[in-house]
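Peer 1: Residue numbers (the working numbering): 183 to 435.
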């Protein structure tokens, strides 16, 4: 890390606070604007992610920060290491089956939703939670960084679940968000490749938003079972050592 990045790592909870505030202000504010303005464009609900995405692009381009925050790690994945991502593909297949394919809609709708989920939602949330947060908390140990990233990813999504839905749906969404965050955080800790978690995150959201019909809870619990089993397997490969020096990335075997 540069001197400035080291300084940031010394104040990880301040970074966490800024991330949560930014998401609340821009994402919640964007949603409120869309509602007030009664915008109906498929990409409208995600307008709040645009300033965050632009800021992150500017931040990452400068001083080779893309490498610092795991945006270039995909080049280091070789051979059988790619099998670590097979469960993510399995989850996407289960979601496709659960939603009975895709709903009838104009091609432009699919294009807008795919681009917004990959380039806005997936990019912003994965860079913030799996890139920056994992990095600034790395000196406290792998599992500590993974847990912080996962808990606050779950909390952020839990706020979206408090809109009058049933208690079961709310609890399921909270557990689902935490489990997904924990799984992706472990993968980033192991391979330091945020681009692949962005891809999964974007496709996951896209499939859920374009499904022919909402999936029932049976499939939700099946996905959670896959996530739980996969997390247990990933945990076996995580080497939790004493806190490393400032700026040192999480280490796994």
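The C-beta atom is built at its ideal place from N, Cα and C for all residues, glycine as well. Quantities reported herein were computed from a predicted structural model and do not represent experimental measurements.
1. Beta-carbon within less than 6 angstroms of residue 427's beta-carbon, same chain only, minus the 5 sequence neighbours each way: which residues are those?
2. What's the C-alpha gap between residue 272 and residue 405?
3. Rounding to the nearest angstrom, what Cα-Cα distance links residue 376 and residue 252 in this structure?
4. So, under 8 angstroms CB-CB, residue 374 and residue 255 are touching, yes? Tell me the CB distance rounded to an integer number of Å.
5. In the structure shown, what three-state DSSP assignment does residue 304 receive?
6. Can you tell me whether residue 266 is buried or exposed, with buried defined as 16 or more other CB within 10 angstroms of its CB?
7. If you count every other CB in all the chains shown that lies within 10 Å of the CB of residue 194, and 16 or more means buried, which is it?
8. Who are the Cβ neighbours of residue 402 in its own chain at under 7 angstroms, not counting the five residues just before and after it?
9. Suppose the cutoff is 6 angstroms on Cβ atoms and the five residues either side in sequence are ignored; what does the same chain contact list for residue 201 look like?
10. Taking all protein chains shown into account, do 16 or more other C-beta atoms lie within 10 angstroms of the C-beta of residue 249, making it buried, or fewer, making it exposed?
11. Pick out whichever of 276, 407, 312, 319 has its Cα sitting closest to the Cα of residue 367.
12. Comparing C-alpha positions only, which one of 407, 335, 196, 365 sits nearest to residue 303?
13. Using beta-carbon positions only, say whether residue 227 and residue 216 come within less than 7 angstroms of one another.
14. Count Cβ pairs between the region 382–393 and the region 280–300 that sit closer than 8 angstroms; are there 3 or more?
Peer 2: On the basis of the coordinates in this document:
1. Position 245 of the chain shown holds residue 427. Only weak support exists for where residue 427 lies, its pLDDT of 45 falling under 50; the value from the coordinates is given anyway. Excluding the 5 residues flanking it on each side, residue 427 has no same chain C-beta neighbour closer than 6 angstroms.
2. Locating residue 272 in the chain shown gives position 90, where the first residue counts as 1. Locating residue 405 in the chain shown gives position 223, where the first residue counts as 1. Spanning the two alpha carbons is a distance of roughly 9 angstroms.
3. On the chain shown, position 194 is the one that residue 376 refers to. On the chain shown, position 70 is the one that residue 252 refers to. Rounded to the nearest angstrom, the two C-alpha atoms are 6 angstroms apart.
4. The count along the chain shown starts at 1 and reaches residue 374 at position 192. The count along the chain shown starts at 1 and reaches residue 255 at position 73. Contact flag correct, Cβ pair sits at about 4 angstroms.
5. Residue numbering aside, residue 304 sits at position 122 when the chain shown is read from its first letter. Reduced to three states, the DSSP call for residue 304 is helix.
6. Taking the chain shown and counting its residues from 1, one reaches residue 266 at position 84. Its Cβ being crowded by 16 or more others within 10 Å, residue 266 is buried.
7. To locate residue 194, count along the chain shown from 1; it is residue 12. Residue 194 should be labelled buried.
8. As a first step, residue 402 is located in the chain shown; it is residue number 220 there, counting from the start. So the qualifying residues of the chain are 354, 358.
9. Counting from 1 along the chain shown, the entry for residue 201 is found at position 19. Excluding sequence neighbours, residue 201 sits near 310.
10. For the purposes of this step, residue 249 is taken as the residue at position 67 of the chain shown. Label assigned to residue 249: exposed.
11. For the purposes of this step, residue 367 is taken as the residue at position 185 of the chain shown. That would be 312, whose Cα lies nearest to the Cα of residue 367.
12. One-based indexing of the chain shown puts residue 303 at position 121. Considering only alpha carbons, the answer is 335.
13. As a working mapping, residue 227 is identified with position 45 in the chain shown. As a working mapping, residue 216 is identified with position 34 in the chain shown. Cβ atoms of residue 227 and residue 216: closer than 7 angstroms.
14. yes
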